[in-house]
């Protein structure tokens with residue numbers, strides 16, 4: 100199987116994934132921004148999120164900054180800026196900030212030393228909790244503890260769920276295909292003695 104075909108095929112098998120911009124900076128406050136589609140939930144108490152980073156066999160500014168500074172941000176990508184977000188995957192030098200070259204605005208909250216994306220409707224500040232190299236392929240697993248979250252209060256439901264559909268976020272499949280998301284239903288907690296029950300139906304035409 101040709102290498103490029105294999106990469107595209109295998110990357111498509113995991114289906115739709117969230118598209119996020121990882122904001123970091125080095126000791127001299129040179130900012131870096133990289134699109135990542137491997138962010139996932141680890142736990143709510145303590146609040147942890149994880150992401151997989153490709154092997155550090157070549158320069159990876161994002162991973163280097165995370166290891167050096169111990170903090171980073173996860174910024175959800177709005178549909179309106181998927182092209183700019185994709186451009187952050189280009190190989191800029193450490194001195195070339197993707198914020199500047201791709202049309203994003205860095206913003207800073209309090210004394211947190213990693214940059215956020217001002218245009219993102221959901222921004223999360225994390226401090227490194229653990230980094231592990233996976234023997235299977237030398238991929239690095241980064242686990243971060245959530246310290247701060249910025250999201251529109253109107254998108255937070257009474258039970259704490261964030262209604263992602265209100266934020267107009269994009270998702271990604273494969274390496275380079277971006278999608279809009281249409282919610283179908285929110286379901287009640289599943290129990291063995293009860294039939295599946297929708298507690299909220301969404302307008303499929305939105």
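In this note's numbering, the protein residues as written are 100 to 305.
In this text, a Cβ means the ideal position worked out from N, Cα and C, and glycines have one as well.
Status (buried if at least 16 other CB within 10 Å, exposed otherwise) for residue i
i	result
residue 215	buried
residue 213	buried
residue 283	exposed
residue 275	exposed
residue 315	There is simply no residue 315 to check, as the chain begins at 100 and stops at 305 in what is shown.
residue 236	exposed
residue 165	buried
residue 117	buried
Proximity of residue i and residue j at Cβ, strictly below 8 angstroms
i	j	result
residue 137	residue 147	no
residue 250	residue 261	yes
residue 248	residue 169	no
residue 244	residue 145	yes
Own chain partners of residue i with C-beta closer than 7 angstroms, once the 5 adjacent residues on each side are dropped
i	result
residue 141	147, 148, 149 and 242
residue 135	119, 121 and 150
residue 187	120, 132, 133, 134, 197 and 201
residue 299	284 and 285
residue 160	131 and 193
residue 218	177, 180, 203 and 204
residue 107	273 and 274
Chain-order list of residues whose beta-carbon lies under 6 angstroms from that of residue i (same chain, five-residue window excluded)
i	result
residue 296	287
residue 206	215 and 217
residue 110	273 and 274
Neighbourhood of residue i by C-beta, 8 angstroms cutoff - its chain only, sequence neighbours within 5 removed
i	result
residue 278	115, 269, 270, 271 and 272
residue 185	134, 275 and 277
residue 289	295
residue 139	148, 149 and 150
residue 103	none
residue 129	193, 194 and 196
residue 167	125 and 126
The stretch 252-270 / the stretch 223-243 touching (three or more Cβ pairs under 8 angstroms):
no
Given 8 angstroms as the limit, is there contact between the stretch 161-180 and the stretch 215-224, that is, 3 or more CB pairs closer than that?
yes
Pairing CB atoms from the stretch 196-211 with CB atoms from the stretch 122-131, are three or more of them under 8 angstroms?
Here the stretch 196-211 lies against the stretch 122-131, with 3 or more beta-carbon pairs under 8 angstroms apart.
Check whether the stretch 177-188 touches the stretch 266-279, counting contact only when three or more Cβ pairs, one atom from each stretch, lie closer than 8 angstroms.
yes
Which residue spans inside the stretch 126-174 form an unbroken beta strand (DSSP E) run of at least 3?
You should have 130-135, 139-143 and 146-152.
Ignoring anything shorter than 3 residues, give me the beta strand (DSSP E) runs that lie fully in the stretch 183-271, in order along the chain.
You should have 221-232 and 239-250.
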